[in-house]
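Have a look at the structure below, then the notes.
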Amino acid sequence: MTEPLRRFRALPLRTRLALLVATAVAVAVAAVATACWFVTKAQLDQQMDNSLRSSQVDGRYLTKLYSYCRGTTPLPPDSFTGYTVQLVDSQGTVCITPNASALSVSPADIAVADGQQPYALHSAKAEDGTRMRVYTYPLLPSASTPGGTSGNIAVSIARPMSEIDKPLSTLAWVLLIVSGVGAIGAGAAGLWVARTGLRPVDELTETVEHVARTEDLTVRIPVEGEDEIARLSRSFNSMTASLASSRDRQAQLIADAGHELRTPLTSLRTNIELLARSDDTGRAIPPDDRRALMTSVKAQMTELASLIGDLQELARPDAANPGPLQVVALHDIADTALERARLRGPELTIRADLTPWYVRAEPAALERAVVNVLDNAVKFSPPRGTIEVALRDGELTVRDHGPGIPAEELPHVFERFWRSPSARQLPGSGLGLSIVARTVQQSGGEVTLRPAPDGTGTVASIRLPGAPQPPPGL
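In UniProt numbering, the protein residues as written are 1 to 474.
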């Protein structure tokens, strides 16, 4: 990058726009002015040539001029004014009107005098240095010397080029002044247009700087029209709204996580303090009470570990954008999850009817989702209750016979940290179903909870697109 270009890019945007507009207009005006000057010159040249062609010298004047050249007759000086008239013979000898500067003879003039071409039209210089436009034509017998012989003589009529040069010079100065004024006016107009056109950009810049300085994401830019600036403003407003919503959700997640962590930590600290005080004071806790305390500590540790695992699952960098989906057997994942559910509820009866179904999903996330649904069924089933699991045509249903979920609470079951008032005394973080909903949606499916048809218990349904047979080559 050259130094001038680097300096140009260092200028403010409105200055660069003004300079570009001024330069573009100046180039355009200069091109038009140059074209106008050349067109005018061509027209003036053509007019002079036409004037010379139409200015045939009177034959009697030529007879007198010929006699004057031979020294036999004087020639009145005002017989043919406005032109320079010169006679040229085939040898290149010239005879010119009195008080006129002789013109240089070109080969074309001699060719006309010798009868080799009908006429000649060219520019030449007189002896005094004056630039002249010359038209040469042959001297006809009717306009020749007495007796009707021409003597191989041609007539050259000339006019000074200053008749064209002076108007062209004046026109050049006029065009130069007009071009300069136009360039200056274009620069001023370009600066005004740049300021007017970039005003929305200035407002956007001020807003961005305000947001960066104050972290106030509630600021919005007024949107007017449908141009690029309006689109940029609309996109910025959408971005700040998304950031504000994300920050609010993050703050809510931290607050809810802190609230959920406080309960097991408080219980855990209380139990550990009791055990520590017993050791410090030397007063032993009865064995049954000590076992109860240790069981409570283990339960709180398990709940705390489960909560931390759920939080880690929600905070994974690829939570919003999961990795490549794989073809997995939903019936195999459900069968694995059933084995874990039977270990957690050995007194429960779990009936399963699984038909093959293959889906595209993230295997680990889908298995965790199915496990969470079964854990809920185990948690809310009555002692020695029954859980019915079925997989038919891509729909996995888990039905328990517990107390069920009130209709007014169903819309909230998939919200983070939401727990039914009747279930808050049970272990859990309120994150399981929200993880299930996110995993199923990322796989293109849907999950629902509904009351059981007979009014006892709840039916959880996971529907995923797929096929009963695996793809070829799997």
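Glycine residues also receive a C-beta, built at the ideal position from the N, C-alpha and C atoms.
With contact defined as three or more Cβ pairs closer than 8 Å, the segment 151-158 and the segment 130-141 are in contact. The beta carbon of THR84 lies closer than 6 Å to those of ALA100, ALA158 in the same chain, with the five residues before and after it left out. Within the model, the alpha-carbon separation for LEU62 versus LEU87 is close to 9 Å.
The three-state reading of DSSP puts GLU127 in coil, since its state is none of H, G, I, E or B. Along the segment 342-422, the alpha helix (DSSP H) occurs as fully enclosed runs of 4 or more residues at 363-380, listed in sequence order.
The segment 17-36 makes contact with the segment 185-202: 3 or more CB pairs, one atom from each, lie closer than 8 Å.
Taking GLU127 as reference, the option from THR205, ALA407, LEU103 with the minimal CA-CA separation is LEU103. Relative to ASN372, the option among ARG342, ILE435, ALA407 whose CA is nearest is ILE435.
Taken in chain order, the unbroken stretches of beta strand (DSSP E) that lie wholly in the segment 33-111 and span 3 residues or more are 84-89, 94-96. Under the DSSP assignment, ALA452 falls outside any beta strand (DSSP E); it carries neither an H nor an E label. Around the Cβ of PRO200, a 10 Å sphere holds 16 or more other Cβ atoms; the residue is buried. Your pair VAL327 and TYR358 checks out as a contact, with CB atoms roughly 6 Å apart and the cut at 8 Å. Of the candidates GLN117, ASN152, SER162, the residue whose Cα lies closest to the Cα of GLY129 is SER162. Relative to ILE184, the option among VAL27, ALA377, GLU367 whose CA is nearest is VAL27. When beta bridges are read from the DSSP output, PRO465 appears opposite no residue.
Taking every protein chain shown into account, the CB of GLN91 has fewer than 16 other CB atoms within 10 angstroms, so this residue is exposed. For the pair of segments examined, the segment 227-237 was found not to touch the segment 36-54: the number of CB pairs separated by less than 8 Å stays below three. Put simply, of VAL370, THR355, ALA337, ARG384 the residue whose alpha carbon is nearest the alpha carbon of PRO346 is ARG384. DSSP places VAL219 in the coil class of the three-state scheme, outside both helix and strand. For ARG159, the uninterrupted beta strand (DSSP E) segment begins and ends at 153-160. Straight across, the Cα-Cα distance linking CYS69 with ILE153 is about 12 Å. For the pair VAL370 and ILE405, the CB atoms are not nearer than the 8 Å cut-off. In this structure, the alpha-carbon of THR23 lies about 14 Å from that of VAL32. Look at THR2 here: in three-state DSSP terms it is coil, with no helix or strand label.
Distance from the Cα of VAL297 is smallest, within the candidate group LEU265, THR281, ILE110, for LEU265.
By the CB criterion at 8 Å, HIS210 and ASP216 fall inside the cutoff. Taking every protein chain shown into account, the CB of ASP400 has 16 or more other CB atoms within 10 angstroms, so this residue is buried.
By the 16-neighbour rule on beta-carbons within 10 angstroms, ASP109 is buried.
Cβ-Cβ separation between THR207 and ILE221: approximately 5 Å, consistent with a contact (criterion under 8 Å). ARG199 carries a helical assignment under DSSP once its states are collapsed to helix, strand and coil.
For ARG344, the number of other beta carbons within 10 angstroms of its own is below 16, and it is reported as exposed. For GLN117, the secondary structure class from DSSP, reduced to helix, strand or coil, is coil.
Here the alpha carbons of PHE38 and ALA188 stand approximately 29 Å from one another. Per DSSP, reduced to three states, the secondary structure at ALA284 is coil, with no helix or strand assignment. A residue is called buried once 16 or more other Cβ atoms fall within 10 Å of its Cβ, and GLU367 is buried on that count. For the 8 Å CB-CB criterion, GLY445 and LEU464 form a contact.
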